[in-house]
Amino acid sequence: MCIYTLDLPPLPAVSLHNYRPNRRPRLWPEMVHVSYYRNYGKTFKKPRRPYEKERLDSELKLVGEYGLRCKRELWRVQYALSRIRNNARKLLTLDEKDPKRIFQGDALLKRMNQYGLLDESQNKLDYVLALTVENFLERRLQTLVFKAGMAKSIHHARVLIRQKHIRVGRQVVNVPSFMVRVDSQKHIDFSLSSPFGGGRPGRVKRKNQKAAAKKAAGGDGDEEDEE
4 MCIYTLDLPP
14 LPAVSLHNYR
24 PNRRPRLWPE
34 MVHVSYYRNY
44 GKTFKKPRRP
54 YEKERLDSEL
64 KLVGEYGLRC
74 KRELWRVQYA
84 LSRIRNNARK
94 LLTLDEKDPK
104 RIFQGDALLK
114 RMNQYGLLDE
124 SQNKLDYVLA
134 LTVENFLERR
144 LQTLVFKAGM
154 AKSIHHARVL
164 IRQKHIRVGR
174 QVVNVPSFMV
184 RVDSQKHIDF
194 SLSSPFGGGR
204 PGRVKRKNQK
214 AAAKKAAGGD
224 GDEEDEE
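Residue numbers for the sequence shown, in the working numbering: 4 to 230.
Written as structure tokens, this is what we have:
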């Protein structure tokens, strides 16, 4: 009686990770999954009383005046303002010679001066508590483009920004809520590739130019035939 043996390759190791008795186990090892942790924070806060008439009227007025897309954009500004005022209020509780108040207070005031929210003469934390939502909305790129006369309306300014016709310095910005610094305000202009900034003409203008050139070429041919 002869017994034959076969030299078969060994089976791969069976992974028992997340093994279920009713499911067939995998014969191949699972790939290592690497994920990066991202810390998500609040960007806006909804009002506690959703149907307060006075608040609804004031919000609707600001949304129309500054060309906001929805009230969430307004709530985002209100949330940022509340955080800044809370930080200033906490610093005011400390002693004037406290190192924390001196360091963080100067940094906060410097940032407010950079964005044009406070003047250089307003170098006290008390002025931070007097800031309003309108002060922040006035520094948005959409508002500055309209006030510079580059757009026909506040809504036209938003369209120009979203369609990448506006640049701040050398960088094209397509975010209407972009907060413009005082140093960058004088560098707001049309993009070099935009039809408004001397770039390639738009679709309608190219079509009209092509039709005019074709008409002119046809007119020259008719004159030659008449001669």
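Here a beta-carbon is modelled for each residue, glycine too, at the ideal position from N, C-alpha and C.
Small disclaimer: the values here were computed from a predicted structure and weren't measured.
Annotated three-state conformation of residue 193 is strand, per DSSP. Taking the Cα of residue 129 as reference, the smallest distance to any Cα among 99, 146 and 139 is reached at 99. Under DSSP, residue 182 takes part in a beta bridge, and its partners are 143. Non-local C-beta neighbours of residue 148 in its own chain, meaning closer than 8 Å and more than five positions away in sequence, comprise 154, 160, 163, 164, 169 and 191, ordered along the chain. When DSSP reads this structure, residue 81 sits in no beta bridge, so it has no partner. Taken through DSSP and simplified to helix, strand or coil, residue 166 comes out as coil. Under the three-state reduction of DSSP output, residue 125 falls in the coil class, being neither helix nor strand. Its chain contains 204 as the residues whose beta carbon lies nearer than 8 Å to that of residue 212, once the 5 sequence neighbours on both sides are disregarded; these appear in chain order.
The C-alpha of residue 120 is placed about 14 Å away from the C-alpha of residue 91. The secondary-structure analysis by DSSP pairs residue 174 across a beta bridge with 171. Straight-line spacing of the CA atoms in residue 199 and residue 193 works out to 6 Å.
Between the segment 105-115 and the segment 60-77, the count of C-beta pairs closer than 8 Å stays below three; the two stretches do not touch. When only Cα atoms are considered, residue 41 and residue 124 end up about 40 Å apart. Taking C-beta atoms as the reference points, residue 46 and residue 88 fail to come closer than 9 Å. With contacts defined as CB atoms closer than 9 Å, residue 178 and residue 144 qualify as a contacting pair. Judged by beta-carbon spacing, residue 142 lies within the 9 Å limit of residue 183, meaning their Cβ atoms are closer than that value.
In chain order, 78, 81, 82 and 85 place their CB closer than 8 Å to the CB of residue 48, counting only its own chain and leaving out the 5 sequence neighbours on each side. The C-alpha of residue 117 lies about 55 Å from the C-alpha of residue 219.
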